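Residue numbers (the numbering used here), protein chains in the order written: chain L, 194 to 422; chain Y, 50 to 291.
Here a beta-carbon is modelled for each residue, glycine too, at the ideal position from N, C-alpha and C.
In this text, all values refer to a predicted model and were calculated from it rather than measured experimentally.
Reading through the structure tokens given below for one structure.
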């Protein structure tokens, strides 16, 4: 039996209404309890446990346009056929409604996404040496160094493009520090071929001084890898 | 006042049931109003809508069917962070990490774009097409209090507010060059903006600041030169693992 919003009716006898009322109260409690603390659950009075958002059509009428000073958060199918979060709100004119995609493949959608990062020192010992990084995201520990000033960062998971395919077409930020009072220039390794330095699986970075020589006394480096989201 | 989902029973009399039914309706109203607009709200259009979402921590990730996602919170190293789960019991991703947006592994701790002459944060003006006088949106900084310029515009101390939890952060430094070379004495030279490099790392990168310098790019150069000779604005981002 399901919730009935049309009971009790004026001519109904109580023995008729008893079952309907019983069902309604039970249904209210059950259905409210799906996403909220149930009415008979004193541990989560009225609060949400989690919010389940079933896909909307994402058309002009579904969901309907918001009023001024309100936003509508909903889910819909994206161009990649995944279910993502969207928001619908009035634009700056406060007349027309605009819809924005908030997430893409599960993370906030801003156009670019970080795919790897590492903060590390130069390590010690004979070459080739391994270095335990100070902080990482999607970079294998340890980091390899074949010669002073050159480091190979291997990714735990391959770098992928917006369609999810492995790619070596990504962006990097490479910063270094050596307390030498000289320039520190961080770049992918300058080799004859792009793919020798940059692949979906790893990046080889060099830190050189103003004379173009690999720096032997690098104190700290940090690398961030980005791709189009 | 306790909600009773199993009333009225078939043998109950109205004198007993009336009180139970009344209490049930009152409990529904009370709990409903925590996160939703009152069902008797005078603004009829708001009835059924949310005022806010209060998300107490869940002990496990909720299940999701096809074509639906779930937004919820759970503990992450002592913080109550917001997560979402993809359809069909898919991947679990953190959306917010202690008041910062989590971008699938990193979170932006601080950001600024500043003027290399005086350290003022850059302000972006956006014109409202419906307002002839224009409308300025102030895009200055995130979690930064100021940039201190010193050393004749060669050194820039970026002051974090609040301080960061660790000095093992990642940073990006970008700048728009208006000149390729600048005159330095009798020669033309190139410059680079980098983290300040004539002191220990622990003095340059701390939880309370990041110090940058405008350094000459020469084969054996050690000098600094005013940054605003070749770049008017420097952009800095500070990231940590989320």
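Residue 278/Y versus residue 292/L - alpha carbon distance: Looking up residue 278/Y in the second chain gives position 229. Looking up residue 292/L in the first chain gives position 99. Cα to Cα, residue 278/Y sits roughly 43 Å from residue 292/L.
Could you check which residue in 199/Y, 211/Y, 146/Y and 284/Y has the C-alpha nearest to that of residue 226/Y? Counting from one through the second chain, the residue named residue 226/Y turns up at place 177. When each option's Cα is compared against that of residue 226/Y, the closest is 284/Y.
With a CB to CB cut of under 7 Å and the five nearest residues on each side skipped, what residues in its chain are close to residue 180/Y? Along the second chain, one-based indexing puts residue 180/Y at 131. Per-residue confidence for residue 180/Y stands at a pLDDT of 43, beneath the threshold of 50, marking its modelled position as unreliable; the derived number appears in the next sentence. So no residue of the chain qualifies.
Got a sec? Which residues, its chain only, sit under 6 Å from residue 182/Y by beta carbon, not counting five neighbours each side? Taking the second chain and counting its residues from 1, the one referred to as residue 182/Y is at position 133. Its pLDDT being 45, under 50, residue 182/Y is placed unreliably in this model, and the value from its coordinates should be taken loosely. There are no such residues.
Short of 7 Å in beta carbon distance, which residues of its chain neighbour residue 258/Y, apart from the five on each side in sequence? Order them along the chain. Within the second chain, the letter at position 209 stands for residue 258/Y. Hits under 7 Å: 206, 207, 208 and 209.
So, using beta-carbon positions, are residue 344/L and residue 398/L closer together than 8 Å? Counted from its first residue, the first chain places residue 344/L at position 151. Counted from its first residue, the first chain places residue 398/L at position 205. For residue 344/L and residue 398/L, yes; Cβs fall inside 8 Å.
Other residues of its chain near residue 364/L: CB distance less than 8 Å, five sequence neighbours each side excluded: In the first chain, residue 364/L corresponds to position 171, counting from 1. Closer than 8 Å at Cβ, skipping near neighbours: 305, 418, 419 and 420.
Pick from 108/Y, 125/Y and 137/Y: whose alpha carbon is nearest that of residue 114/Y? Numbered from 1 along the second chain, position 65 holds the residue referred to as residue 114/Y. Checking every option, the nearest Cα to that of residue 114/Y belongs to 137/Y.
Contact criterion: CB-CB distance below 8 Å. Does residue 242/L meet it with respect to chain Y? Translated into the one-based positions of the first chain, residue 242/L becomes position 49. Yes, residue 242/L lies at the interface with chain Y (some Cβ there is under 8 Å from its Cβ).
Who does residue 225/L pair with in a DSSP beta bridge? On the first chain, position 32 is the one that residue 225/L refers to. Answer is none; residue 225/L lacks a bridge partner.
Buried or exposed for residue 239/L, please, with buried defined as at least 16 other CB atoms from any protein chain shown within 10 angstroms of its CB. Stepping through the first chain from its first residue, residue 239/L is reached at position 46. That one is buried.
Please return the same chain residues whose Cβ sits closer than 7 Å to the Cβ of residue 263/Y, not counting the five positions on each side in sequence. Numbered from 1 along the second chain, position 214 holds the residue referred to as residue 263/Y. Within the same chain, residue 263/Y has close Cβ partners 203, 240, 242, 273, 274, 275 and 276.
Show which residues of chain Y have a CB atom less than 7 Å away from the CB atom of residue 221/L. Here residue 221/L corresponds to residue number 28 of the first chain, with the count starting at 1. Simply 77.
Just verifying my parser: in three-state terms, what is the DSSP assignment at residue 337/L? To locate residue 337/L, count along the first chain from 1; it is residue 144. The answer is strand: DSSP assigns residue 337/L an E or B state.
Cross-chain neighbours of residue 276/L in chain Y, by beta carbon under 8 Å: Here residue 276/L is taken as the residue at index 83 of the first chain, counted from 1. In chain order: 116, 117, 118, 135 and 136.
Put residue 181/Y into one of helix, strand or coil per three-state DSSP. For this step, residue 181/Y is matched to residue 132 along the second chain. A caution first: residue 181/Y carries a pLDDT of 41, below 50, which makes its placement in the model unreliable, though a value can still be read off. Residue state, collapsed to three classes: coil.
Compute the distance between the beta-carbons of residue 255/Y and residue 156/Y, then report whether it is under 8 Å. By one-based count along the second chain, residue 255/Y stands at place 206. By one-based count along the second chain, residue 156/Y stands at place 107. No, Cβ-Cβ distance for residue 255/Y and residue 156/Y is not below 8 Å.
Pick from 313/L, 357/L and 351/L: whose alpha carbon is nearest that of residue 336/L? Residue 336/L sits at position 143 when you count from the first residue of the first chain. When only C-alpha atoms are compared, the closest one is 313/L.
Assuming residue 70/Y is part of the alpha helix (DSSP H), what are its boundary residues? Residue numbering aside, residue 70/Y sits at position 21 when the second chain is read from its first letter. Where residue 70/Y is concerned, the enclosing alpha helix (DSSP H) stretches over 63-84.
Give me whichever residues DSSP pairs with residue 413/L in a beta bridge. Position 220 of the first chain, counting from 1, holds the residue named residue 413/L. Answer is 370/L.
Select from 245/Y, 238/Y and 98/Y the residue whose C-alpha is nearest the C-alpha of residue 84/Y. By 1-based counting over the second chain, the position of residue 84/Y is 35. When only C-alpha atoms are compared, the closest one is 98/Y.
Cβ of residue 417/L less than 8 Å from any chain Y Cβ? One-based indexing of the first chain puts residue 417/L at position 224. Yes, because at least one Cβ of chain Y sits closer than 8 Å to the Cβ of residue 417/L.
By the 10 Å Cβ neighbour count, where 16 or more other Cβ atoms means buried, how is residue 74/Y classified, buried or exposed? Here residue 74/Y is taken as the residue at index 25 of the second chain, counted from 1. Looking at its Cβ environment, which holds fewer than 16 other Cβ atoms inside 10 Å, residue 74/Y is exposed.
Of the residues that make up the stretch 389-421 of chain L, which ones have a beta carbon closer than 7 Å to any beta carbon in chain Y? 403, 404, 412, 413, 415 and 417
Between which two residues does the alpha helix (DSSP H) holding residue 389/L run? For the purposes of this step, residue 389/L is taken as residue 196 along the first chain, with counting starting at 1. Element bounds for residue 389/L: 387-390.
is_contact[residue 283/L, chain Y] using C-beta, thresh 8 Å: Counting from 1 along the first chain, the entry for residue 283/L is found at position 90. Chain Y, which has no Cβ nearer than 8 Å to the Cβ of residue 283/L, makes this no.
Between which two residues does the alpha helix (DSSP H) carrying residue 252/Y extend? In the second chain, residue 252/Y corresponds to position 203, counting from 1. 250-253 is the span of the alpha helix (DSSP H), which, as asked, contains residue 252/Y.
Counting along the chain, where does the beta strand (DSSP E) carrying residue 305/L start and finish? Residue numbering aside, residue 305/L sits at position 112 when the first chain is read from its first letter. Note, residue 305/L: beta strand (DSSP E), 305-313.
Enumerated in chain order, which unbroken segments of the beta strand (DSSP E) with a length of 3 residues or greater are wholly contained in the stretch 197-253 of chain L? 243-247
On the DSSP bridge assignment, give the partners of residue 280/L in chain order. Indexing the first chain from 1 puts residue 280/L at position 87. Paired residue(s): 266/L and 293/L.
Along the stretch 340-359 of chain L, what residues have a CB closer than 7 Å to any CB found in chain Y? none
Would the stretch 266-276 of chain L and the stretch 128-146 of chain Y be scored as touching if the rule is three or more Cβ pairs under 8 Å? yes
For chain Y, check one thing: does any of its Cβ atoms lie closer than 8 Å to the Cβ of residue 378/L? Counting from 1 along the first chain, the entry for residue 378/L is found at position 185. Cβ-Cβ to chain Y under 8 Å: yes for residue 378/L.
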